[in-house]
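**Q** Got a structure here, written out as structure tokens. Questions coming.
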Amino acid sequence: MPDPNDIPRRRRVLVLDVTTAASEVSRLVHEAHDLNLPVEPGVRPGRDALVRWAVLLEDVIPPEHGLGSI
Numbered sequence: 038m039p040d041p042n043d044i045p046r047r048r049r050v051l052v053l054d055v056t057t058a059a060s061e062v063s064r065l066v067h068e069a070h071d072l073n074l075p076v077e078p079g080v081r082p083g084r085d086a087l088v089r090w091a092v093l094l095e096d097v098i099p100p101e102h103g104l105g106s107i
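Rendered as structure tokens:
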């Protein structure tokens, strides 16, 4: 079981999860459109909020050393 005190790892996982969630919402909106199904009015702004949150998290979480950071 992962160490719950490993904050750097948990932060990286959060960024990945939020980014994945935004991507999945986008994919589902496109799929609904392709199937001529409605999408609730708040879904697209919610996806945009997830994207903004992912960008914010990437800005405030320092990059891990050895992963391409200078």
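Per this note's numbering, the very first residue in the sequence shown carries number 38; after that it's consecutive. Glycine included, every Cβ here is placed at the ideal spot set by N, Cα and C.
1. Taking all protein chains shown into account, do 16 or more other C-beta atoms lie within 10 angstroms of the C-beta of ALA86, making it buried, or fewer, making it exposed?
2. Out of curiosity, what's the CA-to-CA distance linking SER60 and HIS67?
3. Could you give the residue range of the alpha helix (DSSP H) that holds ASP43?
4. Specify, as a first and last residue, the run of the alpha helix (DSSP H) that LEU94 falls within.
5. Please identify the residue among LEU51, ARG48 and GLU77 whose C-alpha is closest to the C-alpha of VAL62.
6. Say yes only if the C-beta of GLU68 is nearer than 7 Å to one or more non-hydrogen atoms of the ligand FAD, and no if none qualify.
7. When you compare only the Cα positions, how much space is there between LEU94 and VAL52?
**A** By the coordinates alone:
1. By the neighbour-count rule (16 or more Cβ atoms within 10 Å), ALA86 is not buried but exposed.
2. For SER60 and HIS67, the distance between alpha carbons rounds to 11 Å.
3. Unbroken run through ASP43: none, as it is neither H nor E.
4. Here the alpha helix (DSSP H) through LEU94 covers 80-97.
5. By alpha-carbon distance to VAL62, the top candidate from LEU51, ARG48 and GLU77 is GLU77.
6. Ligands in the displayed structure: none, and consequently the ligand FAD is not present.
7. A straight-line Cα-Cα distance of about 6 Å links LEU94 and VAL52.
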